[in-house]
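Peer 1: Every letter in the sequence shown is one number past the one before it in the numbering used here, and letter 88, counting from 1, is 347.
Where a beta carbon is used, it is the ideal one built from N, C-alpha and C, also for glycine.
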Amino acid sequence: MGKFVIENSGALHGNVRISGSKNAVLPIIAATLLTDEACQIHDVPKLTDVLIMQELIEDLGGKTSWENNEALNIQAASISKTQVSYELCTKMRASFLVAGPLLARMKEVKISLPGGCPIGSRPVDLHLKGLAALGAEISQEHGYIHAKADKLVGANIYLDFPSVGATENIMMAAVLAEGQTTIQNCAVEPEIVDLSNFLTSMGAKIRGSGTDTIRITGVDKLKGTNHTIIPDRIEAGTFMIAAAITGGEVFLENVVIDHLKPAIAKLREAGVEIEEGEAGLNIKGATQRQPIDIKTLPYPGFPTDMQAQFLSLLTVTPGTNLVTETVFENRFMHVPELIRMGADIKIDSRSAIIEGVAQLTGTQVKASDLRAGAALMLAALAATGTTEIHDIYHVDRGYHHFDQKLRSLGAKITRVE
Ligand code: UD1
Numbered sequence: 260m261g262k263f264v265i266e267n268s269g270a271l272h273g274n275v276r277i278s279g280s281k282n283a284v285l286p287i288i289a290a291t292l293l294t295d296e297a298c299q300i301h302d303v304p305k306l307t308d309v310l311i312m313q314e315l316i317e318d319l320g321g322k323t324s325w326e327n328n329e330a331l332n333i334q335a336a337s338i339s340k341t342q343v344s345y346e347l348c349t350k351m352r353a354s355f356l357v358a359g360p361l362l363a364r365m366k367e368v369k370i371s372l373p374g375g376c377p378i379g380s381r382p383v384d385l386h387l388k389g390l391a392a393l394g395a396e397i398s399q400e401h402g403y404i405h406a407k408a409d410k411l412v413g414a415n416i417y418l419d420f421p422s423v424g425a426t427e428n429i430m431m432a433a434v435l436a437e438g439q440t441t442i443q444n445c446a447v448e449p450e451i452v453d454l455s456n457f458l459t460s461m462g463a464k465i466r467g468s469g470t471d472t473i474r475i476t477g478v479d480k481l482k483g484t485n486h487t488i489i490p491d492r493i494e495a496g497t498f499m500i501a502a503a504i505t506g507g508e509v510f511l512e513n514v515v516i517d518h519l520k521p522a523i524a525k526l527r528e529a530g531v532e533i534e535e536g537e538a539g540l541n542i543k544g545a546t547q548r549q550p551i552d553i554k555t556l557p558y559p560g561f562p563t564d565m566q567a568q569f570l571s572l573l574t575v576t577p578g579t580n581l582v583t584e585t586v587f588e589n590r591f592m593h594v595p596e597l598i599r600m601g602a603d604i605k606i607d608s609r610s611a612i613i614e615g616v617a618q619l620t621g622t623q624v625k626a627s628d629l630r631a632g633a634a635l636m637l638a639a640l641a642a643t644g645t646t647e648i649h650d651i652y653h654v655d656r657g658y659h660h661f662d663q664k665l666r667s668l669g670a671k672i673t674r675v676e
């Protein structure tokens, strides 16, 4: 297992291009199972989670190929099985996103229940309630979910929580169901809108994506399409913190500024200078910052996927900062590691109280999950001395060329295999 060795890097400077969104492309790859025709997806970040999803499509009988390392061609002309490999399911929770499309296309799916996850139990009850409402008969046997339906029929579905994955799975099943489906209290994340745009370009009839009620009229057949993935708002947020925590100046290209509003608002509140322009976003770290409070919420609230990175910044923001995590039950795994680097943080239930310190110090730390790993890398850039970050496969799951991009801005970072 590799590690990153990071030295205090001083102020980062330069331009960085944000890659296509990991969380948008994963459901879109799953959605290619809905047609036997060819689909081409552009600006696909070639990272581990994407490669797992690609392998999953191949395992089911689909054909895939890369073009110029950015476009992914997928044609699921024939699907040879309806059981999803246990190994692939356990490698990545997002594998569960093939349940909806496989059920719609093949009338059956057998898929492993996602196992535990470091950031919480992450059940799939809302996905299953939605698929059951569309007429699937669902049983659970030997750790697998087995869903079957002679035909899916549109229904009114109310989600108890606006789950991103459940909204996506239900959308992908409903586009081929008979009649109209209404999903209420659904997720409104930009990735939902991107999936909706992809499905619409395949011939699906969808209204209301990006609002809390999505209406879908089922069609008999979907066709192949060509689509470009939206920029990754979480990667953008991470580079915003890289500029802020090092007191540098970084220009982000390929961003949708609207998707970054919660992060921009919180950074400005802390004193970071942000300029919005046609070509992108300029972030200038302040020499003096003010403490802030953050509460994670579904979009357009502050994203849970940026909580860990912001928390790193707050460890060196003078005063008392408060971070409350409401989306996941156990998402403070980075805190003990930041404390090892000299941070002053207390956890009280779902909140972290952070007293800003003048300086973090480098040491050996471990990435417990994707965003926690990124948070430690950001902390390491500003810490004195050398920090070694272990278990970096978590970071490779979700950041495209992260270390190269940071190096191009002046970061002193080495990957040791
Ligand atoms: C997606 C993102 C993830 C992000 C999360 C929240 C992808 C591939 N992953 O994950 O990066 O952190 O949205 O923005 O897009 N829940 C239930 N029952 C369910 C489903 C979810 O109780 O059936 C709960 C979860 O345990 C969690 C909350 O709902 O507490 C949010 O989960 P959800 O929105 O479903 O996240 P994911 O789609 O798994």
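Flag this pair as yes or no: are the beta carbons of valine 357 and leucine 292 separated by less than 9 angstroms?
Peer 2: Yes; because the gap between Cβ atoms is below 9 angstroms, this pair is in contact.
Peer 1: With a threshold of 8 angstroms, establish whether the CB of asparagine 274 neighbours any heavy atom of ligand 1.
Peer 2: Result no, Cβ not under 8 angstroms from ligand 1.
Peer 1: I need the straight-line Cα distance from glutamate 367 to glutamate 326, nearest angstrom please.
Peer 2: Rounded to whole angstroms, glutamate 367 to glutamate 326 spans 32 angstroms at the Cα level.
Peer 1: Excluding the 5 residues preceding and the 5 following threonine 505 in the sequence, name in chain order all residues of the same chain whose CB lies nearer than 7 angstroms to its CB.
Peer 2: Contacts found: Ser268, Gly269, Ala270, Leu271, Gly544, Leu640 and Ala641.
Peer 1: So who's on the other strand from leucine 558, going by DSSP bridges?
Peer 2: Correcting the residue type first, residue 558 is tyrosine in the shown sequence and not leucine. Tyrosine 558 pairs with nothing; no bridge assigned.
Peer 1: Taking the alpha-carbon of glycine 669 as reference, which of Val675, Phe661 and Ala522 has the nearest alpha-carbon?
Peer 2: Per the Cα distances, Phe661.
Peer 1: Are the CB atoms of glycine 359 and isoleucine 243 within a distance shorter than 9 angstroms?
Peer 2: One cannot answer for residue 243 here, as it falls past the ends of the chain, which runs 260 to 676.
Peer 1: Just verifying my parser: in three-state terms, what is the DSSP assignment at threonine 470?
Peer 2: Here threonine 470 sits in strand by DSSP.
Peer 1: So, serine 610 versus leucine 581, is the Cβ gap smaller than 9 angstroms?
Peer 2: Yes, these two residues count as a Cβ contact at 9 angstroms.
Peer 1: What are the boundary residues of the alpha helix (DSSP H) that includes asparagine 428?
Peer 2: It spans 423-433 - the alpha helix (DSSP H) in which asparagine 428 sits, taken as one unbroken run.
Peer 1: Quick one: complete beta strand (DSSP E) runs, 3+ long, within the stretch 381-455?
Peer 2: Counting only runs of 3 or more, we get 396-400, 403-407, 415-417 and 439-443.
Peer 1: Could you tell me whether any non-hydrogen atom of ligand 1 is closer than 8 angstroms to the CB of histidine 401?
Peer 2: Not so, every heavy atom of ligand 1 lies at least 8 angstroms from the Cβ.
Peer 1: If contacts are defined as beta-carbon pairs under 8 angstroms, then proline 421 and asparagine 456 qualify, I think. What distance do you get, rounded to the angstrom?
Peer 2: Incorrect: roughly 19 angstroms between the Cβ atoms, too far for contact.
Peer 1: By Cβ distance, which residues of its chain are closer than 7 angstroms to proline 521, with the 5 residues on each side in sequence left out?
Peer 2: Here the set comprises Pro559, Gly560, Phe561 and Pro562.
Peer 1: Less than 6 angstroms between C-beta atoms, sequence neighbours within five positions excluded: which residues of the same chain meet that for asparagine 202?
Peer 2: Since the displayed the chain opens at 260 and closes at 676, residue 202 lies outside it and no answer follows.
Peer 1: Kindly list the residues whose CB is nearer than 6 angstroms to the CB of lysine 664, restricted to its own chain and excluding five residues on each side of it in sequence; keep chain order.
Peer 2: Hits under 6 angstroms: Val275.
Peer 1: Could you check whether the Cβ of glutamate 396 sits closer than 8 angstroms to any heavy atom belonging to ligand 1?
Peer 2: For ligand 1, not one heavy atom lies less than 8 angstroms from the Cβ of glutamate 396.
Peer 1: Look at leucine 393 and isoleucine 451 and say whether their C-beta atoms are less than 9 angstroms apart.
Peer 2: Cβ atoms of leucine 393 and isoleucine 451: not closer than 9 angstroms.
Peer 1: Measuring straight from C-alpha to C-alpha, what distance separates glutamate 346 and histidine 659?
Peer 2: Approximately 23 angstroms between the Cα atoms of the pair.
Peer 1: Buried or exposed, going by whether 16 or more other CB atoms sit within 10 Å of the CB of valine 423?
Peer 2: With 16 or more Cβ atoms within 10 Å of its Cβ, valine 423 is classed as buried.
Peer 1: Any heavy atom of ligand 1 within a distance shorter than 8 angstroms of the CB on asparagine 282?
Peer 2: Because some heavy atom of ligand 1 lies under 8 angstroms away, the Cβ of asparagine 282 counts as near it: yes.
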